[in-house]
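Line by line, the protein sequences are chains A and B.
Taking UniProt numbering, the leading residue of the first sequence gets 1, the next gets one more, and so forth.
Taking UniProt numbering, the leading residue of the second sequence gets 1, the next gets one more, and so forth.
Backbone N, C-alpha and C define an ideal beta-carbon position, used for all residues, glycine too.
Just below is one structure, and these are the notes that go with it.
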Amino acid sequence: MGRTLAEKVWDDHVVRRAEGEPDLLFIDLHLLHEVTSPQAFDGLRMNGRPVRRTDLTIATEDHNTPTLDIDKPIADPVSRTQLETLRKNCAEFGVRLHPLGDVEQGVVHVVGPQLGLTQPGTTVVCGDSHTSTHGAFGALAFGIGTSQVEHVLATQTLPLAPFRTMAVTVDGELPADVTAKDLILAVITKIGTGGGQGYVIEYRGSAIEKLSMESRMTICNMSIEAGARAGMIAPDQITFDYLEGRDHAPAGDDWDAALAYWKTLRTDEDAVFDHEVRIDASTLAPFVTWGTNPGQGAPLSASVPDPASFADPGDRLSAEKALEYMGLAAGQPLREVAVDTVFVGSCTNGRIEDLRAAASVVQGRKVADGVRMLVVPGSVRVALQAVHEGLDKVFTEAGAEWRHAGCSMCLGMNPDQLAPGERSASTSNRNFEGRQGKGGRTHLVSPQVAAATAVLGHLASPADLSDAPVLTEV
Amino acid sequence: MEAFTTHTGRAVPLRRGNVDTDQIIPAHWLKKVTRNGFEDGLFEAWRKDETFVLNAPERKGATVLVAGPDFGTGSSREHAVWALQNYGFKTVLSSRFADIFRGNSLKNGLLTVVLPQETIERLWQLTEADPTAEITVDLVDREVRAEGLTAPFELDDNARWRLLEGLDDISLTLANEADIAAFESRRPSYKPSTVKV
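Shown next, in the form of structure tokens:
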């Protein structure tokens, strides 16, 4: 019987297979950041172990870094200590680090792909659940805990329990105003936050094949929000074109050999998935969340659902609690939900394509009174490209704040947070209670919806902007 | 890792599904660089509500958390496991755990037990009716016992053995170092390297 893409990549990395033991898999690329690594380095130190493969390891600072005044010492002493700890650990163990201020600094899941380190058919891990992002290249990529970070540092391998395979097939044409973010939010609402548990999801079908690498990363990034172990998309010409010429992409004979291997990384015709989900892309619409987990979403044109409409008692209770926390009433049209803050950024939607999309919507318009809009590029390289294209000016002229690269308000570990009761439209990945700041309320949206929402002050899509005031040149 | 064989203790019924790791330990606690001192951050936001079950005086000293489905979703932060352990929990029972949280728990000797939702419901009713009721989680026999209830649970032999013995995974892997070296020697040259070019 044929094998799926995920099974092929898995099989190619088995270091040891023994009866009654989990397979031991080799890890091609280990990404580190300041939050989930300090205790792992401590473990190495206590046991007198070195980092086995510093040449397969790279670190960046992202979760704690401020997005303002980055030339000044970090105000929060605890954040500063954590960043200093990473710097000390990387120096002591010989790990390459891109600290705050470095041109390659940025959100770890933006940095890996842009350096060309994330490649088809590789295994990629990081102490961060959104490592699933890298699956967009046909890599088997997943988030791990700190004990596993220590394990990979010490051995460059991980013992892993077997997974099941799920195909999410999206055929048909995505409507013009529908993005990869809308698609993945709709998938999560369909299968639920636990629906992917134990599975590696492969996204396939004609609608997926047409997507850019940035859009594919947005989709794979949020696989974890459906509970999946990982998300993958088979590499194709779009993948190869994205990689060719990047700093760490193979070159010369290595490029040819790599390309020959990468072209084998497709699910065989006769392979069987353990579970299949089919979606008609043409039925999708701009999608937003109304609740406190990413599976509580609905089309923007819908209203806040009535908890009583959920058949499952657990779902009903969960919806009741969510509406209470979110300060929403059943039946309220989602388009009428007013926001205080708009956040464009994160490993989900902080790449150049996302900034271009948001900029195209706010261009010549103004952010609504009483709304603050934060634009946080996913990396310094993304920021430089955006400046080169003049996008920073588009944002600042519209009244948005143009910030330095980092995770920022996606999780509010730095000063970028919602105040209690504040409501955001956010291009990030999690609308959990308090995620963006204690008492903060989050609606997950695409960059286009975020930008239109900033202009109108309530949840909206670019199609709603026809009546919005447009500034004309004097 | 601390070994786990069998544990008996009083329980906390957490009647909520989809408890994400941001609720178990909020992000601002993640700035700490140690594995301890997270007990005050456990369910920090919910504990501000005095009616939250963990605040009930009769739940003080409870060591068994009986939770709703999809416990531990979201962020991979192992701090969530440390916070539960630092607070005093030895085991968590739920009908479904998020994968990364489950992996993290077993690496730290916090036994996560998967039981049918009906069994969770019975345990909730039992401990709500009598907060002094004890629950035994027996990894040797792979069963959960409480008054009027015996429920078997599954855990694969390898994971069970590592927990029973309190084994260090890294030492186990390094015992097969020759296999790793052999794999490395046949790895193609086109594979990525982080060494600056």
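For residue i, which residues of its own chain have a beta-carbon under 6 angstroms away from its beta-carbon, when the five flanking residues on both sides are left out?
i	result
V64/B	G9, A11, T91, I135
G2/A	D268, D270, A271
M1/B	G109, G166
A400/A	V367, M373, V375
K263/A	none
H13/A	L25, F26, T123
W10/A	none
R16/A	L24
S105/B	V81, T112
P250/A	A258
I184/A	I219, M222
Would DSSP call residue i helix, strand or coil?
i	result
A249/A	coil
L459/A	coil
H33/A	coil
V474/A	Only weak support exists for where V474/A lies, its pLDDT of 47 falling under 50; the coordinates are left without a value.
E177/B	helix
C407/A	coil
residue 285/B	Nothing about residue 285/B can be read from this structure; chain B reaches only from 1 to 197.
Q363/A	coil
E58/B	helix
P192/B	coil
M1/A	coil
V19/B	coil
R164/A	strand
Q197/A	strand
S309/A	helix
V152/A	helix
If we ignore side chains and look at the alpha-carbon of each, how far apart do residue i and residue j end up?
i	j	result
V51/A	G378/A	28 angstroms
G94/A	E150/A	15 angstroms
S79/A	I144/A	22 angstroms
residue 479/A	D157/B	With chain A covering only 1 through 474, there is no way to say anything about residue 479/A.
V19/B	R96/B	11 angstroms
L68/A	A383/A	14 angstroms
A302/A	L444/A	15 angstroms
G138/A	F183/B	21 angstroms
N89/A	T239/A	34 angstroms
T57/A	L97/A	9 angstroms
L44/A	A154/A	7 angstroms
T442/A	T289/A	8 angstroms
P294/A	I191/A	11 angstroms
W82/B	Q105/A	29 angstroms
L459/A	P447/A	12 angstroms
V110/A	E320/A	36 angstroms
E202/A	G245/A	27 angstroms
G252/A	Y261/A	15 angstroms
Q332/A	A311/A	20 angstroms
Y199/A	I188/A	14 angstroms
F343/A	G291/A	17 angstroms
residue 477/A	Q296/A	Nothing can be reported for residue 477/A: it is not among the residues displayed for chain A, which extend from 1 to 474.
State yes or no: is the C-beta of residue i nearer than 7 angstroms to some heavy atom of the ligand NAD?
i	result
E184/B	The ligand NAD is absent from the structure shown, which contains no ligand whatsoever.
Can you check DSSP and say which residues form a bridge with residue i?
i	result
S94/B	V114/B
F395/A	Per DSSP, none; premise fails for F395/A.
E143/B	D138/B, P152/B
G297/A	T289/A
E401/A	L374/A
L140/A	T123/A
P333/A	S303/A
S379/A	G106/A
L65/B	V12/B, V92/B
T5/B	According to DSSP, which records beta bridges pairwise, T5/B is partnered with nothing at all.
Go through its chain and collect everything with a Cβ distance to residue i's Cβ below 8 angstroms, but skip five positions before and after it.
i	result
G457/A	A338, V339, A368, D369, G370, V371
Q117/B	P69, S95
R160/B	L139, R142
T56/B	Reading off the sequence, residue 56/B comes out as Ala, not Thr. The residues are P131.
L465/A	V361, R365, A452, V455, L456
Counting only the same chain and skipping the five closest in sequence on each side, list residues whose C-beta sits under 7 angstroms from that of residue i.
i	result
P13/B	V53, V66, W124, T127, E128
H248/A	L115, G116, L117
In chain E, which residues lie with their C-beta within 7 angstroms of the C-beta of residue i?
i	result
S147/A	Structure shown: chain E not included; protein chains present are A and B.
Indicate whether the contact test is met: 3 or more Cβ pairs, each with one atom in the stretch 273-281 of chain A and one in the stretch 437-457 of chain A, closer than 8 angstroms. no
With contact counted as at least three CB pairs below 8 angstroms, one residue from each stretch, are the stretch 169-177 of chain B and the stretch 137-152 of chain B in contact? no
At least three beta-carbon pairs within less than 8 angstroms, the stretch 402-410 of chain A to the stretch 420-440 of chain A: yes
Evaluate contact between the stretch 177-194 of chain B and the stretch 116-131 of chain A, counting only Cβ atoms and requiring at least three cross-stretch pairs below 8 angstroms. yes
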